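Numbering (my numbering), first residue to last: 63 to 174.
Okay, structure first, notes after.
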């Protein structure tokens with residue numbers, strides 16, 4: 063299906079494209095998914111170190127949103143100090159080929 067097939071919806075948010083953007087849109091979500099795909103499972107502080115410029119509050123809220131959308135699995139271990147690991151769900155793994163295509167696009171167009 064193409065975007066033209068959804069023109070009658072009138073509101074981009076009501077299309078599959080709009081849904082996709084609601085799940086992975088924003089500055090950090092695709093980066094979080096990419097890093098989890100490369101390193102899962104990942105603990106919160108390790109993910110924070112790999113991203114760098116993100117605040118703890120923002121990372122926490124982005125992970126909660128990804129978890130609510132069924133993209134990230136959060137596993138909490140009952141120990142002291144608390145240990146929490148994050149990994150991708152099957153739903154998120156189906157998105158990885160698209161992310162790989164975006165990376166290929168970046169390689170081809172980076173210096174143009």
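Glycine included, each C-beta is placed from N, C-alpha and C at the ideal position.
Being a predicted model, the structure only gives us computed values, none of them experimental.
DSSP, reduced to helix, strand and coil, places residue 150 within a strand of the structure shown. Residue 146 has its alpha-carbon roughly 7 Å from the corresponding atom of residue 106. Taking the CA atoms as reference points, residue 101 sits about 9 Å from residue 149.
Pairwise C-beta distances place the region 133-140 in contact with the region 150-164, as three or more of them are shorter than 8 Å. Within the same chain, 97, 98, 112, 147, 148, 149 come within 8 Å of residue 104 by CB-CB distance, once the 5 residues on both sides are set aside. Residue state for residue 89 is assigned as coil, using DSSP reduced to three classes.
Within the same chain, 86 come within 6 Å of residue 92 by CB-CB distance, once the 5 residues on both sides are set aside. Here the alpha carbon of residue 144 sits roughly 38 Å from the alpha carbon of residue 79. In the DSSP secondary-structure assignment, residue 145 is bridged to 139.
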